[in-house]
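Here's the structure we're looking at; comments come further down.
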Amino acid sequence: MKVTKLLHTRYRVNDIELTAKFYREILGLEEVRRHKSPRGSELVFFKAPQSEETVEICFFPSSGPVQVQPDLTHLAFAVESLEEFGKHLAAHGLRFSDGPTMRESGGGFAFIDAPEGYEIELIQAAKTQANAGAY
180 MKVTKLLHTR YRVNDIELTA KFYREILGLE EVRRHKSPRG SELVFFKAPQ SEETVEICFF
240 PSSGPVQVQP DLTHLAFAVE SLEEFGKHLA AHGLRFSDGP TMRESGGGFA FIDAPEGYEI
300 ELIQAAKTQA NAGAY
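Residue numbers (this note's numbering): 180 to 314.
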């Protein structure tokens, strides 16, 4: 027996509304559902336009405050243009926390920090057919 599919990834947060706003307005993710679990967790699920998997953010006050360690984990999302995404960030008073780092292939990557301190990696795919899928 083996698993068949990745369904979602969960990140615990201290401020679910601030984080939800960031995922919607900055990353452009679609909020697909919200609910409260039987144990009292508040849950919000998000989906990127071309992905099936969801990102779940969770507020669970009974477990105490969330303290995100540096470089513990990150989510990675594809973007068409890091330059354009940088302009989008600037329009919201934000900037990349690292990068962008561009490659000769035309691809590259950069990082931003979500409100709770989780890293978000943004990847621009290579421009050439020989490097399709690379960055």
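Idealized CB from N, CA, C, for every residue including glycine.
Small disclaimer: the values here were computed from a predicted structure and weren't measured.
For Lys200, the enclosing alpha helix (DSSP H) stretches over residues Ile195 to Lys200. Within 10 angstroms of the beta-carbon of Arg191 lie 16 or more other beta-carbons, which makes it buried. Partner residues in the beta bridge of Met281, as assigned by DSSP, are Gly287.
Excluding residues up to 5 positions away in sequence, Ala255, Phe256, Ala257, Val258, Gly286, Gly287, Phe288 and Tyr314 lie with their Cβ nearer than 8 Å to the Cβ of Ile302 in the same chain. When only Cα atoms are considered, Tyr202 and Glu196 end up about 10 Å apart. In the three-state reduction of the DSSP assignment, Phe239 falls in the coil class. For Leu222, the enclosing beta strand (DSSP E) stretches over residues Glu221 to Lys226. Counting along the chain, the unbroken alpha helix (DSSP H) around Lys266 starts and ends at Leu261 to Ala270.
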